[in-house]
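Trainee: Got a structure here, written out as structure tokens. Questions coming.
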């Protein structure tokens, strides 16, 4: 494939980067090695090749590790680990769920809303695992083929993936989109992303909920008993109560500064220092907890940022844009094409990897339009559409966790996956175009 797209005019360095691009794509698609390993490989390869020519220039590929997006994610990881350790996440669930009553269809809606909200701050995978573990007693009391059990096991992972759209730290593709835009000189604040992502997440959650209601006919189900949520109450010490309160305060402070970063002139990455420093200094997060953080995600994101930087620096994408400049294609056609390609790829490979591949190419193709279109639109749409891939058990880790329970079949993922996979990109494009026209 590389030989087909390579150009005799390319320098040796450009050919190296082109090789790296296709090699990384093949590793991500085939999953021959873990996705995070590809991220490390990308950085190592670029430092080795670029360092032979200019050692100073090679340093920038290592510096993707200190990118503001990485610090934003790290702050989110510290918060998520603290919530899990102090069981603040479970406490929020037990407090909020009873407010939705005992009617199965509203219980399902409540569970999906809570899952989506938690996944805006926590890893989608961790949120799914926590929610399914919490409802294990309910699954045990219901028939294995119960419509409610199956609806919950489909609704929880879908809500975790869709809910991740709501914030920059909710999903790695969001961070990659923001990082790519920052490299171009465009800044997206935490609040601005929420204005785009949160309403979309809510609408897509509602659509998926309606699909589950129709598919499993929950309107005819009997009322539920949630006494299992209160079973075997633990004796909480004063120290545990204090820790939970501290985490809640730090969570509130961090969210406040993330949301108001532009008003106070405080970088979002700097605000991420509140949970990182505060939780470690107060002894809530210790060395063992730090080792449990999902460092593999950061490695993957850093590698993706480095690859995008190399493609831009070596002007590889720009070269192909010049070759395609004679093709008459509208911006809307390009937007539609990338939206659905993102969903398609993300169903069969890591959505983070899919975003890493597509965004640099998309940004380069935008140069065909000069300054006629806002460059913010396409990366936002790609980042969000990456979370609309729900068609297969392997499409997302949350889907895989739900499928591993053995209570649902692979075919049961398809209906919701098709609906979100088709409707998600359309709603995303329309909403992003509207919001960007208002804000920018």
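Residue numbers (UniProt numbering): 1 to 440. All residues carry an ideal CB built from backbone N, CA and C; glycine is no exception. Quantities reported herein were computed from a predicted structural model and do not represent experimental measurements.
1. From which residue to which residue does the alpha helix (DSSP H) around residue 388 run?
2. Using 8 angstroms as the cut-off, can you tell me whether the segment 291-311 makes contact with the segment 87-101, which would need three or more C-beta pairs spanning the two stretches below that distance?
3. Enumerated in chain order, which unbroken segments of the alpha helix (DSSP H) with a length of 4 residues or greater are wholly contained in the segment 147-184?
4. Looking only at C-alpha atoms, which of 400, 435, 353, 352 sits nearest to residue 377?
5. Quick one: measure Cβ to Cβ for residue 123 and residue 80, integer angstroms, because I've assumed they're closer than 8 angstroms.
6. How would you label residue 512, buried or exposed, when you count the other beta carbons within 10 angstroms and need 16 or more for buried?
7. Can you name the start and end residues of the alpha helix (DSSP H) that residue 396 belongs to?
8. What's the C-alpha gap between residue 430 and residue 240?
9. Does the segment 396-407 touch the segment 182-199, meaning 3 or more C-beta pairs lie closer than 8 angstroms?
10. Taking residue 358 and residue 382 to be in contact with their CB atoms under 8 angstroms, please state how far apart those CB atoms are, rounded to whole angstroms.
11. Would residue 151 pass as a contact of residue 116 if the rule is Cβ separation under 9 angstroms?
12. Return helix, strand or coil for residue 86, following the three-state DSSP convention.
13. Identify, in the order they occur along the chain, each residue of the same chain with its Cβ nearer than 8 angstroms to the Cβ of residue 417, setting aside the five sequence neighbours on each side.
14. Expressed to the nearest angstrom, what Euclidean distance is found between the alpha-carbon atoms of residue 212 and residue 83?
15. Within the same chain, show all residues whose beta-carbon is closer than 8 angstroms to that of residue 405, passing over the 5 residues directly before and after it, in chain order.
16. Any chance the segment 286-301 sits against the segment 24-42, with 3 or more Cβ pairs inside 8 angstroms?
17. Any chance the segment 63-76 sits against the segment 265-276, with 3 or more Cβ pairs inside 8 angstroms?
18. Report the rounded CA-to-CA distance for residue 237 versus residue 177, giving the unit in angstroms.
19. Taking just the CA atoms, how far does residue 286 sit from residue 279?
20. Can you tell me whether DSSP reads residue 75 as helix, strand or coil?
21. In this structure, how does DSSP classify residue 528 when only helix, strand and coil are distinguished?
22. Look up residue 440 in the DSSP assignment and say whether it is helix, strand or coil.
23. My understanding is that residue 179 touches residue 170, with C-beta atoms under 8 angstroms, so please give their C-beta distance in whole angstroms.
24. Which word fits residue 354, buried or exposed, when buried means at least 16 other C-beta atoms lie within 10 angstroms of its C-beta?
25. Please classify residue 4: is it buried, with 16 or more other beta-carbons within 10 angstroms of its beta-carbon, or exposed?
26. Pull up the CB-CB distance for residue 276 and residue 250, whole angstroms please, since I reckon it's below 8 angstroms.
27. How should residue 192 be labelled, buried or exposed, when 16 other C-beta atoms within 10 angstroms of its C-beta is the threshold for buried?
28. Got a sec? Which residues, its chain only, sit under 7 angstroms from residue 366 by beta carbon, not counting five neighbours each side?
29. DSSP three-state label for residue 186, please.
30. Assign residue 420 to one of two classes, buried (16 or more other C-beta atoms within 10 Å of its C-beta) or exposed (fewer than that).
31. Is the beta carbon of residue 165 sitting closer than 9 angstroms to the one on residue 201?
Mentor: So, to answer that:
1. For the purposes of this step, residue 388 is identified with residue 388 of the chain shown, where counting begins at 1. Neither: residue 388 is in no alpha helix (DSSP H) and is coded neither H nor E.
2. In this structure the segment 291-311 does not touch the segment 87-101; the number of beta carbon pairs closer than 8 angstroms is below three.
3. 147-163, 172-183
4. Translated into the one-based positions of the chain shown, residue 377 becomes position 377. The shortest Cα separation from residue 377 among 400, 435, 353, 352 belongs to 435.
5. Position 123 of the chain shown, counting from 1, holds the residue named residue 123. Position 80 of the chain shown, counting from 1, holds the residue named residue 80. Indeed, because the Cβ distance is near 6 angstroms, the residues count as touching under 8 angstroms.
6. Residue 512 cannot be examined here, being either before or after the span of the chain that is shown, 1 to 440.
7. Stepping through the chain shown from its first residue, residue 396 is reached at position 396. Here residue 396 belongs to no alpha helix (DSSP H), and DSSP marks it neither H nor E.
8. Translated into positions along the chain shown, residue 430 becomes position 430. Translated into positions along the chain shown, residue 240 becomes position 240. Each residue's Cα considered, the two are about 46 angstroms apart.
9. no
10. The residue given as residue 358 occupies position 358 in the chain shown. The residue given as residue 382 occupies position 382 in the chain shown. Indeed, because the Cβ distance is near 5 angstroms, the residues count as touching under 8 angstroms.
11. In the chain shown, counting from the first residue as 1, residue 151 sits at position 151. In the chain shown, counting from the first residue as 1, residue 116 sits at position 116. Result no, Cβ atoms of residue 151 and residue 116 do not sit closer than 9 angstroms.
12. If you number the chain shown from 1, residue 86 lands on position 86. Residue 86: coil per DSSP, three-state reduction.
13. Residue 417 sits at position 417 when you count from the first residue of the chain shown. Residues 347, 389, 390, 391, 392, 395 of the same chain have their beta carbon placed closer than 8 angstroms to that of residue 417, with the five preceding and five following residues left out of the count.
14. In the chain shown, residue 212 corresponds to position 212, counting from 1. In the chain shown, residue 83 corresponds to position 83, counting from 1. Residue 212 and residue 83 have their C-alpha atoms spaced approximately 29 angstroms apart.
15. Counted from its first residue, the chain shown places residue 405 at position 405. If we look at residue 405 and ignore the five residues flanking it on each side, its Cβ neighbours are 132, 139, 153.
16. By the Cβ criterion, the segment 286-301 is in contact with the segment 24-42, since at least three pairs of Cβ atoms, one from each stretch, lie closer than 8 angstroms.
17. yes
18. Against the chain shown, residue 237 aligns to sequence position 237. Against the chain shown, residue 177 aligns to sequence position 177. Each residue's alpha carbon lies about 43 angstroms from the other.
19. On the chain shown, position 279 is the one that residue 279 refers to. On the chain shown, position 286 is the one that residue 286 refers to. Residue 279 and residue 286: Cα-Cα distance of roughly 9 angstroms.
20. The residue labelled residue 75 in the question sits at position 75 within the chain shown. The answer is helix: DSSP assigns residue 75 an H, G or I state.
21. Because the chain spans 1 through 440 in this model, residue 528 falls outside it and cannot be assessed.
22. Translated into the one-based positions of the chain shown, residue 440 becomes position 440. Residue 440 falls in the coil class under three-state DSSP.
23. Within the chain shown, residue 179 is the residue found at index 179, counting from 1. Within the chain shown, residue 170 is the residue found at index 170, counting from 1. At roughly 15 angstroms, the Cβ-Cβ gap does not stay under 8 angstroms, so residue 179 and residue 170 are not in contact.
24. By 1-based counting over the chain shown, the position of residue 354 is 354. When all chains shown are included, residue 354 counts as buried.
25. As a working note, residue 4 is residue 4 in the chain shown. Low confidence applies to residue 4: its pLDDT is 49, below 50, so where it sits in the model is not reliable, and the reading given next is rough at best. Looking at its Cβ environment, which holds fewer than 16 other Cβ atoms inside 10 Å, residue 4 is exposed.
26. On the chain shown, residue 276 is found 276 positions in, with the first residue counted as 1. On the chain shown, residue 250 is found 250 positions in, with the first residue counted as 1. Wrong, their Cβ atoms sit about 10 angstroms apart, outside the cutoff.
27. Position 192 of the chain shown, counted from the start, is the residue given in the question as residue 192. With 16 or more neighbouring CB atoms inside 10 Å of its own CB, residue 192 falls in the buried class.
28. Taking the first residue of the chain shown as position 1, residue 366 is located at position 366. Excluding sequence neighbours, residue 366 sits near 373, 375, 378.
29. Stepping through the chain shown from its first residue, residue 186 is reached at position 186. If DSSP states are grouped into helix, strand and coil, residue 186 belongs with coil.
30. Numbered from its first residue, the chain shown carries residue 420 at position 420. Result: buried.
31. What you label residue 165 is simply residue 165 of the chain shown in a count that begins at 1. What you label residue 201 is simply residue 201 of the chain shown in a count that begins at 1. A contact, by the Cβ cut-off of 9 angstroms.
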